[in-house]
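Residue numbers (the numbering used here), protein chains in the order written: chain A, 11 to 232; chain B, 7 to 423. Glycine residues also receive a C-beta, built at the ideal position from the N, C-alpha and C atoms. Report on one structure; see the data block that follows.
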Amino acid sequence: MSLIELKKISKYYQSDGEQVAALKDLNLNVEVGEFIAVMGPSGSGKSTLLNILGGLSQPSAGELSVEGIDIYQLKGEKLADYRREYIGFVFQSFQLIPYLTILENVMLPLAIIPSRNGNQREIGARVLQKVGLVEKARRLPNQLSGGEQERVAIARALVNNAPIILADEPTGNLDSVTGREIMGLLQGLNSGGQTIIMVTHNPENTRYAHRIVQLKDGQVGA
Amino acid sequence: MRLHNISINNLRRRKGKAIFLVIGLLIGVTTVVTLITLTRSMEEDIGKKLDELGANILIVPKSHDLTLNYGGLQFSGVALDVQPLHQSDLGKIHSIKNRENLSIVAPKLIVPAKINGREALLVGADFQEELRLKRWWKITPPDSEKNSHSSQKKSNPMNHSQTMDGKSAFFLRESLREKDLLVGSVAAHHLNLAEGQSVDIQGQTFQVRGVLEETGSQDDSLIFAGLGSVQKTLGKPGQLSLIEVAAFCNSCPIDEMVRQISEVLPGAKVTAVKQAVESRMETVRHFKRFSVGISAVVLLIGSLIVFTTMMASVNERTREIGIFRAMGFRKRHIIQVILLEAFLIGLLAGVMGYLAGVGSSRLALPFFLQFQESKIGWDLGMALSATAISVTLGLVASIYPALRAAKLDPAEALRAT
Chain A
11 MSLIELKKIS KYYQSDGEQV AALKDLNLNV EVGEFIAVMG PSGSGKSTLL NILGGLSQPS
71 AGELSVEGID IYQLKGEKLA DYRREYIGFV FQSFQLIPYL TILENVMLPL AIIPSRNGNQ
131 REIGARVLQK VGLVEKARRL PNQLSGGEQE RVAIARALVN NAPIILADEP TGNLDSVTGR
191 EIMGLLQGLN SGGQTIIMVT HNPENTRYAH RIVQLKDGQV GA
Chain B
7 MRLHNISINN LRRRKGKAIF LVIGLLIGVT TVVTLITLTR SMEEDIGKKL DELGANILIV
67 PKSHDLTLNY GGLQFSGVAL DVQPLHQSDL GKIHSIKNRE NLSIVAPKLI VPAKINGREA
127 LLVGADFQEE LRLKRWWKIT PPDSEKNSHS SQKKSNPMNH SQTMDGKSAF FLRESLREKD
187 LLVGSVAAHH LNLAEGQSVD IQGQTFQVRG VLEETGSQDD SLIFAGLGSV QKTLGKPGQL
247 SLIEVAAFCN SCPIDEMVRQ ISEVLPGAKV TAVKQAVESR METVRHFKRF SVGISAVVLL
307 IGSLIVFTTM MASVNERTRE IGIFRAMGFR KRHIIQVILL EAFLIGLLAG VMGYLAGVGS
367 SRLALPFFLQ FQESKIGWDL GMALSATAIS VTLGLVASIY PALRAAKLDP AEALRAT
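Now the structure itself:
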């Protein structure tokens with residue numbers, strides 16, 4: 011059994027009264043520990059795929075199973091629990107909370123896990139150590155460079171030991187040197203056993219991936 | 007890191023927005039506290055002033071067969087077979103449990119007497135109390151009777167200066183002596199009495215200190231003299247015909263006062279002048295209703311300010327809410343964060359609003375009360391109520407924005423700019 015199984019996933023949007031397909035009957039299996047790069051032109055459905063994988067957007071049709079659980083059949087707030095337990099998001103525009111310090115941003119996912127309340131600071135500091143930012147723990151996001159903010163975003167995705175990391179253009183806002191550093195960081199995490207699905211426009215980033223999924227018009231290309 | 011850290015840090019590090027929210031609510035709370043504090047003081051003041059406007063309790067000797075018609079002036083049997091009241095009864099009245107509610111206790115001895123060869127009713131009264139009780143009494147200006155009494159006026163220049171232009175008789179109370187007379191307008195006309203004139207009553211000489219302007223009441227036909235001198239001159243030492251009481255009944259049940267006085271004066275008939283009490287209470291009630299109405303409008307405006315500000319704040323934080331949701335925050339976590347912020351804002355605005363309200367009331371009170379007797383103190387009950395109202399208002403106004411935030415589609419929220 012694969013870690014992630016996407017079966018005939020479709021997603022439609024209404025645009026000017028017309029139905030537009032972002033994804034069409036998409037099938038994809040992801041194994042534990044895989045590093046997948048999702049590529050494709052703008053509008054090919056990359057971000058939609060990432061949102062569906064992350065439990066943020068219900069598909070119009072099809073099934074998403076993670077460890078055999080049909081995610082979109084989960085009732086009530088179980089979908090939020092799925093995001094908390096399984097997913098670590100790394101967004102292109104960092105998406106840090108501006109009024110929280112770096113350490114607080116990293117600890118944010120732990121705020122809703124009562125059992126981990128006790129040693130949150132320790133866990134947060136350890137993860138920041140991993141991304142090399144422990145000395146800047148008390149700073150606010152706007153006091154950091156773009157690359158540093160992206161590293162904070164990665165640290166936040168790691169803090170609750172989520173098995174799946176979904177990264178949306180993690181180097182999109184960074185210069186090439188910093189971009190390579192971030193990719194090295196993601197590769198290191200993957201080596202540690204974490205499954206990574208990364209959306210990217212940059213062909214250079216694909217060399218870190220085990221597999222490239224090419225999307226075109228909402229379908230997996232050849 | 008707990009949920010409350012998110013709320014607190016948001017308020018701490020976005021001071022401008024937090025201050026704006028607090029000010030929105032604070033204005034409402036301050037206005038309400040100011041209005042309530044001022045109206046309370048004004049109610050008290052109005053109540054006191056109304057209570058001083060004439061008696062609201064009448065004490066007369068108990069009688070089975072006599073009618074003591076003070077208003078209708080049927081006084082034929084007043085001193086007959088009833089057990090009269092006594093001077094010492096005044097002390098008993100002042101000993102009742104609700105004695106602090108006694109404003110004026112005005113004893114009177116009412117007796118028929120021959121004045122200038124004609125029968126008239128002479129009222130021995132404690133001038134100090136009587137003039138406080140009847141603040142509407144005015145002295146007829148001597149100028150209006152210039153032609154007939156100019157010589158007497160000249161002989162008493164002090165009176166002239168004090169009573170010119172129909173001044174309130176209230177200002178005479180310090181200078182009136184036992185053998186001075188205040189004469190009702192009708193009595194003065196019939197007995198041909200004028201200010202400064204000397205009058206012989208039962209061999210004793212009294213002096214007219216003033217003629218009262220027409221009041222339309224029984225007082226117009228009466229002649230008022232010092233209580234002690236009337237008792238002595240007419241051979242009724244210590245006797246009283248009736249006692250009029252003005253009680254502060256704004257805060258006490260008049261019936262309870264009547265009961266307490268009846269208890270200490272078993273030989274007297276104590277009656278509440280219900281009409282006076284009711285009309286006073288009605289005036290105070292009108293005032294109360296007015297202030298409650300104003301407070302309600304201000305509270306409504308305050309809550310609308312909070313509601314719109316919270317809505318705007320939630321809209322601004324759409325992306326942030328999307329981030330929380332992407333991290334696995336449940337809807338209730340989002341609601342908790344927003345409501346906790348509203349609670350803290352409400353708490354702060356409530357405490358500050360109470361302090362500002364008391365401060366502004368203290369500043370404003372002199373403009374509303376002519377004779378400022380009331381003092382505005384710290385009131386823990388009101389402080390707690392103001393804080394509770396502020397917190398409730400903040401929470402109620404934030405419930406809809408919080409629910410709206412919780413229901414945001416996470417993917418849509420993340421795309422927000």
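Using a C-beta to C-beta distance shorter than 8 Å, which residues of chain A count as neighbours of residue i?
i: residue 9 (chain B); result: 121 and 122
Could you list which residues in chain B have their beta carbon closer than 7 Å to that of residue i, in chain order?
i: residue 67 (chain A); result: 417
i: residue 234 (chain A); result: Outside the shown range of chain A, which is 11 to 232, sits residue 234 (chain A), and nothing can be said about it.
Using a C-beta to C-beta distance shorter than 7 Å, which residues of chain A count as neighbours of residue i?
i: residue 326 (chain B); result: 107
i: residue 332 (chain B); result: 64, 66, 93 and 99
i: residue 335 (chain B); result: 90 and 122
How many Å lie between residue i and residue j at the Cα?
i: residue 314 (chain B); j: residue 386 (chain B); result: 30 Å
i: residue 188 (chain A); j: residue 172 (chain A); result: 24 Å
i: residue 392 (chain B); j: residue 104 (chain B); result: 31 Å
i: residue 267 (chain B); j: residue 102 (chain B); result: 7 Å
i: residue 13 (chain B); j: residue 347 (chain B); result: 5 Å
i: residue 64 (chain A); j: residue 20 (chain B); result: 30 Å
i: residue 165 (chain B); j: residue 185 (chain B); result: With a pLDDT of 43 at residue 165 (chain B), under the threshold of 50, the predicted position of this residue should be treated as unreliable, though the coordinate-derived value follows. For residue 165 (chain B) and residue 185 (chain B), the distance between alpha carbons rounds to 15 Å.
i: residue 408 (chain B); j: residue 331 (chain B); result: 14 Å
i: residue 169 (chain B); j: residue 148 (chain B); result: With a pLDDT of 41 at residue 169 (chain B), under the threshold of 50, the modelled position of that residue is not reliable, and the figure given next carries that caveat. In a straight line, the C-alpha of residue 169 (chain B) is about 8 Å away from that of residue 148 (chain B).
i: residue 194 (chain A); j: residue 99 (chain A); result: 17 Å
i: residue 19 (chain A); j: residue 410 (chain B); result: 29 Å
i: residue 113 (chain B); j: residue 42 (chain B); result: 38 Å
i: residue 220 (chain B); j: residue 226 (chain B); result: 6 Å
i: residue 369 (chain B); j: residue 278 (chain B); result: 38 Å
i: residue 45 (chain A); j: residue 224 (chain A); result: 14 Å
i: residue 425 (chain B); j: residue 94 (chain B); result: Since the first and last residues shown for chain B are 7 and 423, residue 425 (chain B) lies out of range.
i: residue 107 (chain B); j: residue 23 (chain B); result: 51 Å
i: residue 66 (chain A); j: residue 300 (chain B); result: 48 Å
i: residue 243 (chain B); j: residue 273 (chain B); result: 18 Å
With 7 Å as the threshold, decide whether the Cβ of residue i is near any Cβ in chain B.
i: residue 32 (chain A); result: no
i: residue 61 (chain A); result: yes
i: residue 300 (chain A); result: Chain A is shown only over 11 to 232; residue 300 (chain A) falls outside these bounds and no answer can be derived.
Which residues does DSSP pair with residue i in a beta bridge?
i: residue 17 (chain A); result: A:73
i: residue 92 (chain B); result: B:245
i: residue 85 (chain A); result: For residue 85 (chain A), which the question treats as bridged, DSSP gives no partner whatsoever.
i: residue 186 (chain B); result: B:213
i: residue 200 (chain A); result: DSSP, once it has assigned bridges, lists no residue as partnering residue 200 (chain A).
i: residue 120 (chain B); result: B:125
i: residue 315 (chain B); result: None, per the DSSP bridge assignment.
i: residue 80 (chain A); result: A:75
i: residue 277 (chain B); result: B:64
i: residue 113 (chain B); result: B:249
i: residue 49 (chain B); result: Answer by DSSP bridge pairing: none, since residue 49 (chain B) is not bridged.
i: residue 49 (chain A); result: A:224
i: residue 185 (chain A); result: None; residue 185 (chain A) has no bridge partner.
When you compare the CB of residue i with every CB in chain A, is at least one pair closer than 7 Å?
i: residue 16 (chain B); result: yes
i: residue 329 (chain B); result: yes
i: residue 292 (chain B); result: no
Residues of chain A with a CB under 9 Å from the CB of residue i: which are they?
i: residue 20 (chain B); result: 108 and 109
i: residue 12 (chain B); result: 107, 109, 110, 114, 118 and 121
Following a CB-centred definition, is residue i positioned closer than 6 Å to any heavy atom of the ligand SAH?
i: residue 45 (chain A); result: For the structure depicted, the ligand SAH is absent and the ligand set is empty, with no information on it obtainable.
Quiz item: Contact between the segment 349-358 of chain B and the segment 18-32 of chain B: three or more CB pairs below 8 Å?
Solution: yes
Exercise. Please confirm if the segment 31-39 of chain A is in contact with the segment 225-232 of chain A, defined as three or more CB-CB distances below 8 Å between the two stretches.
Key: Judged by Cβ distances under 8 Å, the segment 31-39 of chain A makes contact with the segment 225-232 of chain A, as three or more pairs qualify.
Exercise. Would you be able to state if there are at least three C-beta pairs under 8 Å between the segment 337-345 of chain B and the segment 69-78 of chain A?
Key: no
Self-check item: At least 3 beta-carbon pairs within less than 8 Å: the segment 108-116 of chain A vs the segment 358-365 of chain B
Solution: No: the two stretches stay apart, fewer than three of their Cβ pairs being nearer than 8 Å.
Quiz item: Do the segment 120-135 of chain B and the segment 193-203 of chain B make contact, defined as three or more Cβ pairs closer than 8 Å?
Solution: yes
Exercise. Determine, using beta-carbon pairs with one atom in the segment 295-310 of chain B and one in the segment 143-157 of chain A, whether at least three such pairs fall under 8 Å.
Key: The segment 295-310 of chain B is not in contact with the segment 143-157 of chain A.
Quiz item: Below 8 Å, can you find three or more Cβ-Cβ pairs linking the segment 85-92 of chain A to the segment 160-170 of chain A?
Solution: no
Quiz item: Quick check: the segment 244-255 of chain B against the segment 211-226 of chain B, are there 3 or more CB pairs under 8 Å?
Solution: no
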